[in-house]
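Chemist: So that we are looking at the same thing, I have put the structure below in structure tokens.
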């Protein structure tokens, strides 16, 4: 058995083996069927080469489907992709849209990566997830227990941001929905409330609020006043009260293309898939005789089925240009999808190192727009080689949910000034080169918006949607939602052709403690919600 074949088997684990340490992880068995396509190979166009599209293309190609993967950028990986650039000193390096944490409960994403890296050796774990507030308080997840409910209780007990006075002021009744998060029921209960309003109702301590909750809401590139409380509650479940994997995470040892996506592209080609980067899909038209015509900026081809694995703006635009896709209500919901506010990623190549005790990743609060700081040479080989050769450091800064009308040059300077506050030794460093990436293509999960989000299946049985914006009915989010929906889209098509799908895993669907679940259920019944 080849490494690629072993990776596929390990990712699906048909023997029931668990993908992590959590013995309560939930398995979603693969839809039954033949192991591969028999007879003429159906053809599928997967539009979008991000995580969702790569997951869909991988599952389909491994089952013998003729897959064509279309990606308008010259690289794969979507928002976790990377591209080459040359510094002023002549060094060829890889730029990206910034830091991504590969959490241990991202079972399906990690299963995708196992196709080419069975032992996940291209990932490395960071020793801590430290958080720093401008007021001087520091938090860490290194010593926090991983098994709920001790994880949440341990964080509160060990955190200097929780005082006894703060704990007495909190409203435990308002917090009860967090004790038994169920999907999709949590959206019925909290989608009409903003994350900010929910935290106000709980009377959560101000400093602890940013470090324990807003760090999640801002992971969605959204201001907590715009974000649905249901989405934030889901994140709390995934990391604190639903999973025993904990909050520590892995990162790629090399830039995203080399560590993740180039090997996966090779895996796809070995299974007969055609990977067409730098190819923009202009519109998709259903054909009367069946299938769809996919028109690109280069040519047009017929496919038996299509998976749309696009970001919010890309999906909205393609559906608007493809006026025969779906039905009117579906198209109207797609048209109402919104993007999150802009965000800024600044990467700096400095002529001297940051202090040796600086962590690889630091979450921040109270430092203006600065949300986190990464020191890339702590884990990434390309940055480490540059730092070793020059004696410098490669530092990355993130600012999420920047006001849309903000002056970009002002915000870029302000972000660097905030870095100087966090790491004062950088004041004396010369910036050898810098890259500023402004993007505004992440999905917004607004208050009351859950019903408008598309599901994997559409009114057309041969048209599927995948991505982190998609409703699943499963406790998944962010990159894991992208991977999961990609596999679900593939499973839905394979089932139509009588072919076995992919086994999936999630964190438990509901809270782990029966007593806490009972309290949450009683509160829901008392408030008239379910």
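Residue numbers (UniProt numbering): 1 to 530.
No residue lacks a Cβ here, since even glycine has one placed at the ideal position from N, Cα and C.
Quick caveat: nothing in here was measured; it's all calculated off a predicted structure.
Which parts of the region 74-137 are runs of the alpha helix (DSSP H), unbroken and 4 residues or longer, counting only runs that do not cross its ends?
Modeler: Correct list: 107-113.
Chemist: What are the partner residues of residue 386, as DSSP defines its beta bridges?
Modeler: Paired residue(s): none; residue 386 is not in a bridge.
Chemist: Taking residue 327 and residue 459 to be in contact with their CB atoms under 8 Å, please state how far apart those CB atoms are, rounded to whole angstroms.
Modeler: Right, their Cβ atoms sit about 5 Å apart.
Chemist: Nearest-angstrom Cα distance between residue 205 and residue 37?
Modeler: Approximately 56 Å between the Cα atoms of the pair.
Chemist: Please go through the same chain and pick out, in chain order, the residues whose beta-carbon is closer than 8 Å to the beta-carbon of residue 362, but skip the five residues on each side of it.
Modeler: Taken in chain order, the residues that qualify are 130, 131, 132, 372, 373, 374, 422.
Chemist: For residue 48, collect the residues of the same chain with a Cβ closer than 6 Å to its Cβ; drop the 5 residues on either side in sequence, then sort them by chain order.
Modeler: Cβ neighbours of residue 48 beyond the five flanking positions: 309, 310.
Chemist: In the DSSP assignment, find the alpha helix (DSSP H) that holds residue 418 and state where it starts and stops.
Modeler: Looking at the DSSP string, the run of the alpha helix (DSSP H) that includes residue 418 is 408-422.
Chemist: Across the region 351-368 and the region 330-339, are there enough close Cβ pairs to call them in contact, namely three or more that are closer than 8 Å?
Modeler: No, the region 351-368 is not in contact with the region 330-339.
Chemist: Nearest to residue 89 by alpha carbon, out of 485, 431, 282?
Modeler: The shortest Cα separation from residue 89 among 485, 431, 282 belongs to 431.
Chemist: Residue 390: which of 401, 409, 352 sits nearest, CA to CA?
Modeler: With distances taken between Cα atoms, residue 390 lies closest to 352.
Chemist: What's the gap between the Cα of residue 400 and the Cα of residue 413?
Modeler: Cα to Cα, residue 400 sits roughly 15 Å from residue 413.
Chemist: Would you kindly work out how many angstroms separate the C-alpha atoms of residue 241 and residue 105, rounded to a whole number?
Modeler: Going from the Cα of residue 241 to the Cα of residue 105 covers about 13 Å.
Chemist: Buried or exposed: residue 464, going by 16 or more other Cβ atoms within 10 Å of its Cβ?
Modeler: So residue 464 counts as buried.
Chemist: Assuming the contact rule is C-beta atoms closer than 8 Å, residue 485 and residue 456 should be a hit. Round their C-beta distance to whole Å, please.
Modeler: Indeed they touch by this definition, with Cβ atoms about 6 Å apart.
Chemist: Helix, strand or coil: which one does DSSP assign to residue 395?
Modeler: In the structure shown, residue 395 sits in a strand (DSSP, three-state: E or B).
Chemist: Between which two residues does the alpha helix (DSSP H) holding residue 187 run?
Modeler: Here the alpha helix (DSSP H) through residue 187 covers 185-190.
Chemist: If I follow the unbroken beta strand (DSSP E) through residue 62, where does it start and stop?
Modeler: That residue, residue 62, is in no beta strand (DSSP E); its alpha helix (DSSP H) goes 51-62.
Chemist: Starting from residue 372 and walking both ways along the beta strand (DSSP E), at which residues does that stretch end?
Modeler: Per DSSP, residue 372 belongs to the beta strand (DSSP E) from 372-375.
Chemist: By DSSP, does residue 437 sit in helix, in strand, or in coil?
Modeler: Residue state, collapsed to three classes: strand.
Chemist: Which complete alpha helix (DSSP H) runs does the region 302-383 hold, if anything under 4 residues is left out?
Modeler: Correct list: 312-321, 328-335.
Chemist: DSSP on residue 292, reduced to helix/strand/coil?
Modeler: It is a strand residue.
Chemist: What residue from 56, 65, 53, 55 has the CA that sits closest to residue 35's CA?
Modeler: Ranking the options by Cα distance to residue 35, first place goes to 65.
Chemist: Does residue 169 come out as helix, strand or coil in the three-state DSSP assignment?
Modeler: In the structure shown, residue 169 sits in a helix (DSSP, three-state: H, G or I).
Chemist: Residue 493 lies in the beta strand (DSSP E); which residues open and close that run?
Modeler: Here residue 493 belongs to no beta strand (DSSP E); instead the alpha helix (DSSP H) covers 478-496.
Chemist: Note down the Cα distance separating residue 202 from residue 441, rounded to an integer number of angstroms.
Modeler: So the two alpha carbons sit approximately 31 Å from each other.
Chemist: Taking C-beta to C-beta, are residue 500 and residue 57 nearer than 8 Å?
Modeler: For residue 500 and residue 57, no; Cβs fall outside 8 Å.
Chemist: Based on Cα-Cα distance, which residue from 336, 124, 220, 299 lies nearest to residue 70?
Modeler: Minimum Cα distance to residue 70 is reached at 299.
Chemist: How big is the Cα-Cα spacing for residue 16 and residue 107?
Modeler: Because the pLDDT of residue 16 is 48, which lies under 50, any placement of that residue in the model is unreliable, and the number read from its coordinates should be weighed accordingly. Looking at the two C-alpha atoms, the distance is approximately 14 Å.
Chemist: Short of 8 Å in beta carbon distance, which residues of its chain neighbour residue 315, apart from the five on each side in sequence? Order them along the chain.
Modeler: Excluding sequence neighbours, residue 315 sits near 308, 334, 337, 454, 465, 467, 469.
Chemist: From this set, 388, 78, 60, which residue's C-alpha is nearest residue 497's C-alpha?
Modeler: The candidate whose alpha carbon is nearest that of residue 497 is 60.
Chemist: State the start and end residues of the unbroken beta strand (DSSP E) segment that holds residue 283.
Modeler: Here the beta strand (DSSP E) through residue 283 covers 281-286.
Chemist: Does the structure place the region 338-345 close enough to the region 217-236 that three or more beta carbon pairs sit under 8 Å?
Modeler: With a cut-off of 8 Å, the region 338-345 and the region 217-236 count as touching, because enough Cβ pairs lie within range.
Chemist: Counting contacts by CB-CB distance shorter than 8 Å, is residue 257 in contact with chain B?
Modeler: Considering every chain present, this structure includes no chain B. It has just one protein chain.
Chemist: Hey, out of 505, 476, 483, 494, whose CA is closest to residue 182's CA?
Modeler: The shortest C-alpha separation from residue 182 is found at 476.
Chemist: Pairs of beta-carbons, one from the region 118-129 and one from the region 265-278, closer than 8 Å: are there three or more?
Modeler: Flag = no, the region 118-129 and the region 265-278 do not touch.
Chemist: According to the Cβ coordinates, are residue 77 and residue 257 closer than 8 Å?
Modeler: Yes.
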